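Below is one structure; the comments refer to it alone.
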Amino acid sequence: MARELWKGNEALAEAAVRAGLVAYFGYPITPQTELLEYLSHRMIDLDRAFLQAESELAAINMVYGAACTGVRTMTSSSSPGISLMQEGLSYIAASEVPVVLVDIMRGGPGLGNIQPSQSDYHQVTRSAGHGDFKSLVLAPATVQEAVDLIYEAFDLADMYRTIVVVVADGNIGQMMEPATMPPMRSIKTDRPNWALEGANGREHRIITSLELGAPRLEALNDRLQAKIAEIRRNEVRYAEHLTDDAEILIVAFGTMGRIASTTSDMAREKGIKAGVFRPISLFPFPDQRLEDLSKQVKKILVVEMSAGQMLDDVRLAVGKDVEIVFYGRTGGIVPLPDEVLEVVERIHEELNNG
Amino acid sequence: MARELWKGNEALAEAAVRAGLVAYFGYPITPQTELLEYLSHRMIDLDRAFLQAESELAAINMVYGAACTGVRTMTSSSSPGISLMQEGLSYIAASEVPVVLVDIMRGGPGLGNIQPSQSDYHQVTRSAGHGDFKSLVLAPATVQEAVDLIYEAFDLADMYRTIVVVVADGNIGQMMEPATMPPMRSIKTDRPNWALEGANGREHRIITSLELGAPRLEALNDRLQAKIAEIRRNEVRYAEHLTDDAEILIVAFGTMGRIASTTSDMAREKGIKAGVFRPISLFPFPDQRLEDLSKQVKKILVVEMSAGQMLDDVRLAVGKDVEIVFYGRTGGIVPLPDEVLEVVERIHEELNNG
Amino acid sequence: MAKGRIVIDEGRCKACRLCTIVCPQEILELSNRLNDRGYTPVEVTDMERCTGCGLCAVMCPDVCITVYRSVPVRKTT
Amino acid sequence: MAKGRIVIDEGRCKACRLCTIVCPQEILELSNRLNDRGYTPVEVTDMERCTGCGLCAVMCPDVCITVYRSVPVRKTT
Amino acid sequence: MHQSVVVSGFGGQGALFAGQVLTYAAMDTDHQVSWIPSYGPEMRGGVARCTVIISDSEIGSPIVRNPDVAIVLNNPSMEKFHNELKPGGILIVNSTMVSFEATRDDLVVIEIPGTDIATDMGDKRMTNMVLLGAMLAVNPVVSIEAVEQALKDHLPQRKQHLVESNINVLKQGYEKGIQAKAHSSN
Amino acid sequence: MHQSVVVSGFGGQGALFAGQVLTYAAMDTDHQVSWIPSYGPEMRGGVARCTVIISDSEIGSPIVRNPDVAIVLNNPSMEKFHNELKPGGILIVNSTMVSFEATRDDLVVIEIPGTDIATDMGDKRMTNMVLLGAMLAVNPVVSIEAVEQALKDHLPQRKQHLVESNINVLKQGYEKGIQAKAHSSN
Amino acid sequence: MAEMVEKLVYQRPVALTEAHTHYCPGCTHGISHRLVAEVLDELGLRETAIGIAPVGCSVLAYYYFNVDFAEAAHGRAPAMATGMKRANPDKTIFTYQGDGDLAAIGTGEIVHAAGRGENISVIFINNAIYGMTGGQMAPTTLEGQATTSSPRGRDISLAGHPLKMSELLATLDGASFISRQSLHDPKHIRRAKKAITTAFKVQQAGLGFSMVELLSTCSTNWKIDPLTSLDWLKENMIPYFPLGDYKVIDEVKSL
Amino acid sequence: MAEMVEKLVYQRPVALTEAHTHYCPGCTHGISHRLVAEVLDELGLRETAIGIAPVGCSVLAYYYFNVDFAEAAHGRAPAMATGMKRANPDKTIFTYQGDGDLAAIGTGEIVHAAGRGENISVIFINNAIYGMTGGQMAPTTLEGQATTSSPRGRDISLAGHPLKMSELLATLDGASFISRQSLHDPKHIRRAKKAITTAFKVQQAGLGFSMVELLSTCSTNWKIDPLTSLDWLKENMIPYFPLGDYKVIDEVKSL
Ligand SMILES: Cc1ncc(C[n+]2csc(CCOP(=O)(O)OP(=O)(O)O)c2C)c(N)n1
Ligand SMILES: Cc1ncc(C[n+]2csc(CCOP(=O)(O)OP(=O)(O)O)c2C)c(N)n1
Ligand code: SF4
Ligand code: SF4
Ligand code: SF4
Ligand code: SF4
Ligand code: SF4
Ligand code: SF4
Ligand SMILES: [Mg+2]
Ligand SMILES: [Mg+2]
């Protein structure tokens, strides 16, 4: 397949189509809307299901319904819309049906604004609503990576019967970059052995998140926790840039990760050994590798487009032995390479004076 | 005031009334419903506003509306209902209006069941929906403490113009214990200087969470973060039981905290120096005191009615120098003193053999 | 031979008495027996009078009642 | 003296032309001037013909227009 | 002193209320108390159950795995608490409704035909008070006077007319308990 | 090679499209590229702006504080990027619409009456191509042929009939750019 | 006299499992389950059917129907049904919802499913109360009716008038068949079954949204016995919620 | 001839601030703002009024009204208004909402506010599109109307018929005054103002829920110029959304 220039939102949509998306339900919200708009003709042309729902709440429950029948399904939104999906996500998690969710984050809290942000980190990594559950969360930094991750997301969702969230700030949704689209998959006609399709010649099947008896609900939770443990073991992803000999390690994800790469390049020019650790899976967080790296570096700088949310995960991974500096911008402001460089330089100075 | 026997949910309701609750909006859900039912006559008798909303989503936005006019207002729910409030909470946080929220937690995820649980910890402490914000979160362990905390919650909410969450597992809502009710406060007739009450002889006022320009939204976020920092400085609460010479420190909140106290008493009888650290404010988490204690004890045991959520905060506070053991039950099962004791004994043995 | 006959699944009966008030023959009454779940299931006082009208079954929320009716044998050629 | 007179707040005008089609006197037209926001505000081609009917103001989404009308002085005793 | 008492029966047998009366009596005589119902799916199944803790020091856990005392009003409760009572525990059995026979020999078992007595005395819904009275005879965690006072003080207004009959039944239960105790210690 | 180019103007002046054409041309001649629009409240205010990065290595940040090159189609854009361009940067100015005068002396400023030229050549909406052509003359980050090819390849079907006129205008802009460059280097 | 033979005239429908329900004695949820099951049997739809249980007393309906079933979040069954139907137009999708579920928290979803003419069937159990949570006021609770959250009776000046969902939804162009029936006596139960049959036939024919509202009892939370509950329904609910077909588009008439 | 003096017959209402709006040229949001402001002035309600802005193009209405204002979450303005009014029965509470806001995501809240007879006034701007997000299909988008999420025109078989909110809400007992008006010419604008006046009078009199639906243009997303937009509204919207009063209870008639 040839490289083509794709807008992030549309690339995500097309890659989902190629991954075998059967049913899409969504609601417009900037900066995610082009994804829905693209599918509004693409899905119809392919005679697949597309519906603009009356709300995000309805959309996630439509997705829940479609997922119960074992087809590939997804929704997409941006921060306030994701908040409205929390109850539905908790039901989906408990019911163990596979669902893909795209969150193109914008500035918050509240209505905030439509500028890029990374401040849904806690919301997407810490819980799918109430109760104990974690979604598999993937954060691309380029349009190509967005394409590759969402294409894979459907497989992961099916394999683990879990929610997979592809989360990116508004920049990734809005920007254009060259990307190579993966091949078009044919849609599987046989459904998984848990799917609802009518009790034809077999026992009737039930998909529920209710377990009135505490021991049974605990058993469900144990199953979910086992799955989470397996995901932790198998699905850690990250990228590194100039980490081999890094003394200052910048930890950043998504757009911030690539911006940090530019910063580290600039720092190298000034003789500062900076490198970048970019978690791609936010859950499972790549804590092992980060802990290892933390033993090699002198200081860690966490940079986020938020007031510091991934910061928790970095601290959890690293403990208190290495000093962790945080630099974040909120409200839709994107920290630029030069301002991050200033922080790096300050850290560098402290290290040399300390 | 005399000690009377109160059911937790009703005690919370009555204490809120006495704190000057002007408007309550809620939706039935077990195990919280008695709170709403109590207010359905109590508030009407006092000629205050009570309304059973059409949903939790509506309830939180009714509360938002009432809060914008500067009156004391609250809602209450249980886990799935709290998930439905996430968008509203994010708006409220961004708008800086004072709101009190009660979450009587039940088993999750999904519909789960109605048994006691503590698995909303992440949801209530990590974010009020999307964007960067944290509510002040208080977790009582007895009915009296529930009364005292919610009474104070309204003051805290007003003082910081923030959301205060009183969070408890279903046991606290359902059990009866003696409690002394605080005095009935008269309702303030003068409203705060930001409240909407009609632009009569002054500039019109606006309450919004929208800041289209990124620098202005960042300024709002800076204000919120400053407030959070202030809350961190001033509002840390916790209780300790037999910690002076403890070698094994059990960290547990709410009902689990008092159960752990029984365990530590039992452990002492066996000559095991166990003590209990019970965070009362879950945000701000009492990390400083816990860190100090961690230097004194040999091992930490975190016990939760969840798969391990407060665990993150303990780890963040303590770092990696002390070993942290986790014991949790999910699905509505309450770990009893004897089973926690078993874990303590095992730890004790390890310590002696190690 | 009676015109009709019913069979009551006593284990399912919750003694709600809904069937008793719709039976045109007034032949349904609660028994004194306790079933497994602590209810006193309905019984037929006089099966001979049952017409097999099925109204009891139409009314029963717990689907306890099976209904038979006697019909002339149709001879086919 | 004309029957009516209008004052247009040119800075507000967005040149949408909604007023121009409702003026019964057809005396409103877009000018060639650019205002601060890059629009060519409406102007009155012949104020003498303005009746002060106010229809332009009723139609204007940007509340640019103030309307005056000449009325006989009422003498009070 | 630290004691856990479970009262358990079908919905409508007044288990929750008996527990509350005991709790009130203990509270009003300056003990620490807690009362906690089972809530959850059993309720739908018609089970009503509560755990009362009475203590002279601050109460930690309001629930226990192995209670000290159980008042069982029906068969399923008997089966459950016959198993779960702690060694040396006291089992007050409503023998009218309970057919299951105690086999453990490390329990004090007091059998009282509670429903019969209550029915005889006018209302079988007072079974709970018979059994509570009997328990007080065997296990005077609070005095019977304290319980009588609690009934007077805490029965809701619209039920105040029932105070006297409840007290009578309570006393009758107490008597039967004394007798049964004498009998069982033989 | 690593270059950042901003194209900025009112909505309708074709800033985003000009940026895209440049991006396509660079991509199709085997460069790394990224194109990112400003989105947000300015859009409502009628601003259209994009940043294009063209590089020979992987592109880190798709946004920059101080771009290398700016094509400014209107006054506000001129004010903004006259300030923000990095020292030695190139400023391509649509002089028909821009009255603000450059004062910095560390910039290469090329003034082209883009709207006039486009209007003369048939459609003022082609102003963007005039300016893009001029930029290519001063800053041959890609060849003009590559841009012509990009126009042919990527103009949507329903606009294919505009390819020729766009190319003509582009070329005209290129000529003017060559002249202006010669002039400015005097 | 002719020779007689005994014929089976009524037996448990195949579309019900053997499970005993958890419903209170006399609860008409049981009757409506039976009717739906009978209709599925008669129309031969059991094998292609997927049901959606609500949050409410009938949350466990999935155990009682011998049909593939999902359990929805409170009020969201119509959205879930939409998702299922759009992805599987050949399946028979129905929701079963209470009045708290459908008329309170789920208002948005039911209005839009109906508005879109979503080709699903909705069984709507109106018992004028929140049964499962212990008897709070529902949007359908009658004026003056005491509930645990309106202990002195529903006060219209505070809580507004009870909602009439059939009337409301019938105004929508997408609604093809809307009927309100009652379960208080055999005659009405038979009519209810007919309406349910029509609802599923509408779906079979691809004609769009169908709903049958069934007036039901909740003796437990009404705090009257099951028999008196039937009378209460008849005397109080039917006058306020008149029975009948509220929407029958022409294509449905000719089914 | 009589001596003449110049009288001011129209000036900017006091209830509007001096701020310039961000609306596109010819956007009728501006007209409806003006009408509401005039009515507030005329009824002397500005000083007791609290407005609630929606999420939609009119999200910044709070800058334009010289009135205390809050900004609601998308669709939740009626809930917010309910909270305000219940806590402050003496204030004049109104929401201003678009068709995405009120008829899509906010359906539950508007139906229940109307159903309860909440004593608030709702100004509902129906422009058959999602303006703010760039022109997606709204529940009110007409059959065949092209939008960015129905690029080949609204397909009834997939998206259902456009919702008629005034008709829907008028069925509710709690709704006291529901009227649909249009903003496409001065005559209709005057009628619209009359309806808005009535709505606020209904609230003043404590008569319950009032709503005025205003058919509006969105030339930007309809992709036609402002003048043609007025014609499009008249020729396409009015036939589908007939103008008039849909609910006027007796007490309102005698206001
Ligand atoms: C989000 C959420 N809110 C509230 C509840 C609690 N809840 C469970 S069932 C129910 C109402 C049920 O009433 P109805 O729909 O009328 O059904 P019924 O039990 O009467 O058949 C409520 C409020 C819940 N489970 N989830
Ligand atoms: C929860 C949520 N979902 C979606 C959005 C995005 N959004 C903003 S405005 C809007 C629709 C506005 O349309 P309408 O209500 O018709 O108002 P108009 O702009 O047409 O006046 C949407 C979907 C949001 N801000 N919040
Ligand atoms: S079939 Fe008819 S006659 Fe026979 S028992 Fe039933 S209702 Fe009575
Ligand atoms: S209707 Fe059914 S459950 Fe009720 S008494 Fe009759 S047989 Fe028993
Ligand atoms: S007042 Fe009447 S006549 Fe005068 S300009 Fe306006 S519309 Fe025309
Ligand atoms: S209607 Fe108003 S904004 Fe439009 S052209 Fe006329 S004066 Fe200008
Ligand atoms: S509570 Fe009411 S609705 Fe629920 S099962 Fe019992 S009678 Fe039926
Ligand atoms: S986009 Fe449409 S609704 Fe929004 S301001 Fe422009 S014309 Fe008005
Ligand atoms: Mg109900
Ligand atoms: Mg709109």
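Chains as they are written, first to last, in my numbering: chain A, 1 to 354; chain B, 355 to 708; chain C, 709 to 785; chain D, 786 to 862; chain E, 863 to 1048; chain F, 1049 to 1234; chain G, 1235 to 1489; chain H, 1490 to 1744. Note that beta-carbon positions come from the ideal geometry of N, C-alpha and C, so glycine has one too. No experiment lies behind these values; they were computed from the predicted model shown.
From this set, the options, which residue's C-alpha is nearest residue i's C-alpha?
{"i": "PRO633(B)", "options": "VAL501(B), LEU603(B), VAL651(B), ARG622(B)", "result": "LEU603(B)"}
{"i": "PHE1358(G)", "options": "GLY1394(G), PHE1303(G), SER1444(G)", "result": "SER1444(G)"}
{"i": "ASN706(B)", "options": "GLY629(B), LYS653(B), ALA421(B), SER409(B)", "result": "LYS653(B)"}
{"i": "ALA1185(F)", "options": "ASN1176(F), GLU1223(F), THR1151(F)", "result": "GLU1223(F)"}
{"i": "PRO732(C)", "options": "VAL715(C), ALA765(C), PRO749(C)", "result": "ALA765(C)"}
{"i": "GLY1136(F)", "options": "MET1126(F), ASP1116(F), GLU1149(F)", "result": "ASP1116(F)"}
From residue i to residue j, what does the alpha carbon distance come to, in whole angstroms?
{"i": "CYS721(C)", "j": "LYS1421(G)", "result": "22 Å"}
{"i": "GLU693(B)", "j": "ASP619(B)", "result": "14 Å"}
{"i": "VAL771(C)", "j": "ASP1419(G)", "result": "15 Å"}
{"i": "VAL519(B)", "j": "LEU136(A)", "result": "28 Å"}
{"i": "TYR1297(G)", "j": "GLY20(A)", "result": "33 Å"}
{"i": "ILE228(A)", "j": "PHE133(A)", "result": "8 Å"}
{"i": "GLY1060(F)", "j": "ALA1096(F)", "result": "8 Å"}
Short of 6 Å in beta carbon distance, which residues of its chain neighbour residue i, apart from the five on each side in sequence? Order them along the chain.
{"i": "ILE1483(G)", "result": "SER1410"}
{"i": "ARG777(C)", "result": "GLY712, GLY760"}
{"i": "HIS130(A)", "result": "SER90"}
{"i": "VAL501(B)", "result": "ALA365, ALA369, ALA533"}
Tell me which residues share the same chain as residue i and place their Cβ nearer than 8 Å to its Cβ, disregarding the 5 neighbours each side in the sequence.
{"i": "THR69(A)", "result": "ARG191, ALA195, LEU196, GLU197"}
{"i": "ASP1015(E)", "result": "TYR886, ASP890"}
Leaving aside the five residues before and after residue i along the sequence, list all residues of the same chain whose C-beta is less than 7 Å from its C-beta, in chain order.
{"i": "ILE1265(G)", "result": "LEU1417, ILE1423"}
{"i": "ILE1215(F)", "result": "GLU1196, LEU1199"}
{"i": "LEU803(D)", "result": "MET844, CYS845, PRO846"}
{"i": "THR33(A)", "result": "none"}
Three-pair Cβ contact test at 8 Å for the region 1581–1598 of chain H versus the region 472–480 of chain B: With a cut-off of 8 Å, the region 472–480 of chain B and the region 1581–1598 of chain H do not count as touching, because too few Cβ pairs lie within range.
Cβ contact check for the region 830–844 of chain D and the region 1468–1478 of chain G: 3 or more pairs under 8 Å: Contact between the region 830–844 of chain D and the region 1468–1478 of chain G is absent: fewer than three C-beta pairs spanning the two stretches fall below 8 Å.
Meets three-Cβ-pair contact criterion under 8 Å: the region 1316–1323 of chain G and the region 1391–1398 of chain G: Not touching, per the Cβ criterion.
At least 3 beta-carbon pairs within less than 8 Å: the region 87–107 of chain A vs the region 1372–1390 of chain G: Taking 8 Å as the limit for Cβ pairs, the verdict is that the region 1372–1390 of chain G does not touch the region 87–107 of chain A.
Inter-stretch contact (C-beta, 8 Å, three-pair minimum) for the region 966–980 of chain E and the region 1038–1045 of chain E: Proximity of the region 966–980 of chain E to the region 1038–1045 of chain E meets the contact definition, three or more beta-carbon pairs being nearer than 8 Å.
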